[in-house]
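Quick note on the numbering used here: the sequence shown kicks off at 1433 and runs consecutively. Built from N, CA and C at the ideal position, the CB exists for glycine as well.
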Amino acid sequence: MPDNAVDAVPCEQILKMMNDPWNGGTNVPTGCEYYKTYAIIPARIGSTRLPRKPLLEINGLPLIIHCLNSAKSTGLFSDIIVATDSKEILDVVEAHGGKGLLTDKGHPSGTDRVFEAASKLALGEEDIIVNIQGDQPVVHRDVVKKLIAFLEDRPDVKMATPACPALVEEVQNPNRVKVVLSKDGLALYFSRAPIPYLRDGDTDPGYLRHIGIYAYRNGFLKQFVSLPQGRLEVIEKLEQLRALEFGHKIGVVLVDRAPLDVDTMEDLKAVEEYLKKF
C-alpha cells in the first residue's frame, strides 16, 4: 500500500467512532445563532417501482404525510418543506397542514429538486438543509442531530450523511449502497458493490451501509448542483459521488440502524406493521 494511502475503517473502530465528537457523536453540542436548519423533502409522482408512491396510504395516511409528520416530530427544524413535481402531492401536503413547493419535473436527482426549493425560499449561505427522502416515513431524531453536529463541528465539511453497520444480506445487494471511511470520518467512496473487497477472507471488513439522508450548507448545495455529473456518478448511479469526484469532503456519521424506507409493496406492508406499534 502506498505511504499516502488511507485505510478503510475496520469493524472494531466503529463503536469508538460513534461516540467520537469529531464524527458527530452524541457529546457534540448543537445550536448556533447565525444560521437556521431546514428540512426539505423531495417527492416526485413518477416512481418506476411504485407508481404514485408518495400518495400510497399507510394506516390511513399518505406516505408523504408520514414523512412530513416524522420530520416535524424531531423538533430540530425551523421549517419543513415538501418539494414536489406534482400538484396532487402539493394539494395533499397542504390539506394536512404542511408546506410545499412545486418544482420542475425534469430534475435529474432529488438534490436538484431540493436546491430549487431552497432557492425559492431564499435561504442563507450558512443555513443547513437536511434532505429527507420522501420514502422514509420514520426519521430518527438522533440521526438528524448527529448530521447537524458534524457540520457545526467541522467547518471544513459542507455535506454530511449517515451510515450504519450493514446486515449480512445487504452486502451483496446493489440496492444497499456501501461506504468506506477515512480515519476522521470522511467518505472515501460509495459503491453498490461490496467495499472494501475481502481478498483473503480472514478479517472482518466492517461493511457499512449508506443511509440516503443528506445535510448540507446551503452555499455548498448551490455549488454541488452547478457541477457536471462525473464518470463515477454515471457508472454507479450515485449522486453523492459527484462531490467526491470534484474533491469535496463528505462527513459520515455512524448510527446503529437504518430508517425504514419504502421501495416495494413488501416494504409498505412492513412499515404498516411497524407504525401500528405507536
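- Spanning the alpha carbons of Lys1701 and Pro1594 requires a straight line of approximately 25 Å.
- Per DSSP, Val1524 is one residue of the alpha helix (DSSP H) stretching across 1519–1527.
- Under the three-state reduction of DSSP output, Val1684 falls in the strand class.
- According to the DSSP assignment, Asn1607 belongs to no alpha helix (DSSP H), since it is labelled neither H nor E.
- Within the DSSP bridge table, the entry for Thr1516 names Ala1475, Leu1534 as partners.
- Around the Cβ of Gln1604, a 10 Å sphere holds fewer than 16 other Cβ atoms; the residue is exposed.
- Looking at the DSSP output, Thr1543 bridges to nothing.
- Taking 7 Å as the cut-off, the Cβ atoms of Ser1518 and Ile1561 do not count as close.
- Exposed is the label assigned to Glu1520, since fewer than 16 other Cβ atoms lie within 10 Å of its Cβ.
- A check of alpha carbon separations from Glu1677 across Lys1709, Val1687, Glu1665, Gly1530 identifies Glu1665 as the nearest.
- Taking 4 residues as the shortest admissible run, the region 1575–1607 contains no complete alpha helix (DSSP H) segment at all.
- Taking all protein chains shown into account, Phe1622 has 16 or more neighbouring C-beta atoms within 10 Å of its C-beta and is therefore buried.
- In the three-state reduction of the DSSP assignment, Val1571 falls in the coil class.
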